[in-house]
Amino acid sequence: MRQFNFSSGKVPFSGKPTMPKLGKHVKRIVIGAAAAVVVVVLASDATYQIQEQEQAVLTTFGVPKAVSETGLHFKIPFIQQVQKVNTTIQAFPIGYTLDDNATVENEGIMITADYNFIDVDFFVEYRIAEPVKYLYTSDQPEEILKSIAQSCIRTVIASYNVDDVLTTGKSEIQSKIREMILKQTEEQDLGIQLVNITIQDSEPPTQEVMKAFKAVETAKQGKETALNNANKYRNEKLPEAEAEADQIIQDAEAQKQVRINEAEAEVARFNAMYEEYSKNPEITKKRMFYETMENVLPGMKLVIDSGDGVQKILPLDSFDGAGTGSNTSGDAGSDTAASRSAQ
């Protein structure tokens with residue numbers, strides 16, 4: 123039987139490890155494992171990766187700094203913090219939902235300058251241009267951009283008539299809205315850049331009004347068709363009418379020249395006759411009378427009585443034939459009267 127010496131404070135060795143030595147070994151294992159975990163955590167927190175179309179904001183003691191270079195970067199663990207932002211083009215709708223294309227009435231329905239209601243859908247594209255301002259200027263920069271876009275849209279739509287919004291004025295409206303949004307986002311300094319804003323659709327808010335607008339559009343198209351046909355007919359007929367007018371003018375000019383020539387010939391003839399008349403007025407007067415009577419009464423025979431009892435027949439027609447003499451004697455009285463009146 124083994125005896126213990128309690129006075130010395132020593133325990134005799136029994137051949138088995140004691141509990142204090144086993145506890146030291148476990149403690150070393152735990153410390154090593156904890157150190158390994160700490161090393162792994164520090165190593166993982168000391169690096170970060172920036173992908174394409176991505177930027178990061180590195181914060182050191184609350185001071186942010188933008189990091190735009192892609193690849194692997196190092197930072198001080200637990201002291202420097204990293205926030206990544208997506209710099210690709212992003213978008214959101216106004217007036218409808220992307221999932222089921224449902225109408226959002228409080229966003230899309232607005233009033234025009236001629237006091238008509240209209241439902242207009244827009245698609246806004248943007249990207250993050252300055253990550254530091256995007257993260258620290260406001261809590262919800264996208265919502266601020268959406269509110270600015272809605273305000274600008276309603277302001278511009280309210281200055282146009284409903285026909286312009288539905289048909290011909292879309293490009294001009296989009297341009298004005300874009301300029302207004304760019305100006306206000308620069309004033310807000312959100313770090314967001316507007317890429318584009320487009321009108322996806324515009325239509326009246328109810329089916330009844332939509333049918334009426336479609337009828338109006340159909341009438342306008344009919345009007346345009348009629349105008350095009352009228353212009354086509356005008357373009358076809360106008361050259362013909364112009365050619366006909368030119369021909370009439372040319373004929374009139376030719377007739378004018380003919381009349382002028384005839385008038386000038388008559389004037390020359392009259393002047394020549396007047397010269398002869400001025401030389402022998404009585405003879406010329408009788409000659410003119412006889413020529414006029416010949417033209418007025420071509421079948422009449424003239425007998426000239428000089429007053430001495432001798433009658434002379436003016437040889438205005440042929441003397442052949444037997445009827446000439448009888449006609450001459452039978453009509454002597456009337457012819458003599460005519461000749462006397464001439465004298």
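Residue numbers (my numbering): 123 to 465. Where is the CB? At the ideal position from N, CA and C, for every residue including glycine. Treat the numbers as computed from the prediction; the structure is a model and nothing was measured.
Tell me the DSSP bridge mates of F244? As a position in the sequence shown, residue 244 is number 122, starting the count at 1. For F244, which the question treats as bridged, DSSP gives the partners I216, I321.
What is the DSSP secondary structure of V226, counted as helix, strand or coil? Your numbering for residue 226 matches position 104 in the sequence shown. In the structure shown, V226 falls within a coil segment according to DSSP collapsed to helix, strand and coil.
Quiz item: Under a Cβ-count criterion, where at least 16 other Cβ atoms within 10 Å of its own Cβ denotes burial, should Y282 be classed as buried or exposed?
Solution: Mapped onto the sequence shown, residue 282 falls at position 160. Flag for Y282 reads buried.
Q) At what residues does the alpha helix (DSSP H) containing F411 begin and finish? A) Locating residue 411 in the sequence shown gives position 289, where the first residue counts as 1. That run of the alpha helix (DSSP H) goes 403-418.
Where L438 and E416 are concerned, what is the direct C-alpha to C-alpha distance, given to the nearest angstrom? Start at 1 with the first residue of the sequence shown, and residue 438 comes out as number 316. Start at 1 with the first residue of the sequence shown, and residue 416 comes out as number 294. Any reading at L438 must be qualified, since the residue scores a pLDDT of 49, below 50, and its modelled position is unreliable; no value is offered.
Hey, how far is the Cα of T192 from the Cα of Q171?
Start at 1 with the first residue of the sequence shown, and residue 192 comes out as number 70. Start at 1 with the first residue of the sequence shown, and residue 171 comes out as number 49. Taking the straight line from one Cα to the other gives about 7 Å.
- Query: Exposed or buried, what is A444 when buried is set at 16 or more other beta-carbons lying within 10 Å of its beta-carbon?
  - Reply: Here residue 444 corresponds to residue number 322 of the sequence shown, with the count starting at 1. Residue confidence is low: A444 scores 43 on pLDDT, short of 50, so the model does not pin down where it sits. No coordinate-derived value is stated.
task = Look at the alpha carbon of R391 and the alpha carbon of E358, and state the distance between them as a whole number of angstroms.
result = For this step, residue 391 is matched to residue 269 along the sequence shown. For this step, residue 358 is matched to residue 236 along the sequence shown. Here the C-alpha atom of R391 lies approximately 50 Å from the C-alpha atom of E358.
Practice prompt. Determine contact between the region 305-325 and the region 237-254, defined as no fewer than three beta-carbon pairs at a distance below 8 Å.
Written response: Judged by Cβ distances under 8 Å, the region 305-325 makes contact with the region 237-254, as three or more pairs qualify.
Are the beta-carbon atoms belonging to A178 and P263 less than 9 Å from one another?
Within the sequence shown, residue 178 is the residue found at index 56, counting from 1. Within the sequence shown, residue 263 is the residue found at index 141, counting from 1. Going by C-beta atoms, A178 is not nearer than 9 Å to P263.
| beta strand (DSSP E) segment containing P186, residue limits | For the purposes of this step, residue 186 is taken as the residue at position 64 of the sequence shown. Residues 185-189.
According to DSSP, which residues form a beta bridge with V204?
Walking along the sequence shown from the start, residue 204 turns up at place 82. Per DSSP, the beta bridge partners of V204 are L180.
Would you say E227 reaches chain B, if we count a Cβ-Cβ gap shorter than 9 Å as a contact? Of the protein chains in the structure, only one exists, and it is not chain B.
Inside the region 283-318 only - alpha helix (DSSP H) runs reaching at least 4 residues: With a minimum length of 4 residues, the continuous alpha helix (DSSP H) runs that stay inside the region 283-318 are 284-288, 292-310.
| request: Output the distance between the C-alpha atoms of N393 and A387, rounded to the nearest integer angstrom. | output: Along the sequence shown, read from residue 1 onward, the residue named residue 393 stands at position 271. Along the sequence shown, read from residue 1 onward, the residue named residue 387 stands at position 265. Going by the C-alpha atoms only, they are around 10 Å apart.
In angstroms, rounded to a whole number, what distance separates the CA positions of T209 and Q173? For the purposes of this step, residue 209 is identified with residue 87 of the sequence shown, where counting begins at 1. For the purposes of this step, residue 173 is identified with residue 51 of the sequence shown, where counting begins at 1. Rounded to the nearest angstrom, the two C-alpha atoms are 10 Å apart.
By Cβ distance below 7 Å, which residues in the same chain neighbour A168 in space, the five residues on each side in sequence not counted?
Position 46 of the sequence shown, counted from the first residue, corresponds to residue 168. Answer for A168: F196, K197, P199, listed in chain order.
Below 8 Å on the Cβ atoms is my contact criterion, and I expect D323 with D221 to pass it. Report the Cβ-Cβ distance as a whole number of Å.
For the purposes of this step, residue 323 is taken as the residue at position 201 of the sequence shown. For the purposes of this step, residue 221 is taken as the residue at position 99 of the sequence shown. At roughly 16 Å, the Cβ-Cβ gap does not stay under 8 Å, so D323 and D221 are not in contact.
Item to complete: Along the beta strand (DSSP E) that carries T169, what are the first and last residues, could you check?
Response: Along the sequence shown, read from residue 1 onward, the residue named residue 169 stands at position 47. Here the beta strand (DSSP E) through T169 covers 169-172.
Could you say which of L288, I299, I240 lies nearest to K268 if we only look at CA atoms? Position 146 of the sequence shown holds residue 268. The shortest Cα separation from K268 among L288, I299, I240 belongs to I299.
Mind checking which residues open and close the beta strand (DSSP E) that includes I231? For the purposes of this step, residue 231 is identified with residue 109 of the sequence shown, where counting begins at 1. Per DSSP, I231 belongs to the beta strand (DSSP E) from 231-233.
Item to complete: Using only the heavy atoms of the ligand SAM, determine whether one of them is closer than 8 Å to the beta carbon of R249.
Response: Of the ligands one can find in the structure shown there are none, so the ligand SAM has no counterpart to examine.
- prompt: In terms of residues, what are the limits of the beta strand (DSSP E) holding G193?
  reply: Mapped onto the sequence shown, residue 193 falls at position 71. Following the DSSP letters along the chain, one finds G193 inside the beta strand (DSSP E) bounded by residues 193-196.
Subject >> L312 beta carbon less than 9 Å from that of S466 >> reply: Lying outside 123 to 465, the shown extent of the chain, residue 466 is not represented and no answer is given.
- Query: Exposed or buried, what is I371 when buried is set at 16 or more other beta-carbons lying within 10 Å of its beta-carbon?
  - Reply: Against the sequence shown, residue 371 aligns to sequence position 249. By the 10 Å Cβ count, I371 comes out exposed.
Notebook entry, point to check: Between I314 and E176, what straight-line distance do the alpha-carbon atoms span, to the nearest angstrom?
Noted result: Taking the sequence shown and counting its residues from 1, one reaches residue 314 at position 192. Taking the sequence shown and counting its residues from 1, one reaches residue 176 at position 54. Taking the straight line from one Cα to the other gives about 14 Å.
> So T181 and Q202 are in contact, right, with Cβ under 8 Å, and what is the actual spacing, rounded?
Replying inline: Residue mapping note: residue 181 aligns to position 59 of the sequence shown, counting from 1. Residue mapping note: residue 202 aligns to position 80 of the sequence shown, counting from 1. About 7 Å separates the two Cβ atoms, so the contact holds.
Next on the checklist: Less than 9 Å between the C-beta atoms of I240 and L288, yes or no?
Outcome noted: Residue mapping note: residue 240 aligns to position 118 of the sequence shown, counting from 1. Residue mapping note: residue 288 aligns to position 166 of the sequence shown, counting from 1. For the 9 Å CB-CB criterion, I240 and L288 form a contact.
Residue range of the unbroken alpha helix (DSSP H) whose run includes I266: Taking the first residue of the sequence shown as position 1, residue 266 is located at position 144. Where I266 is concerned, the enclosing alpha helix (DSSP H) stretches over 263-279.
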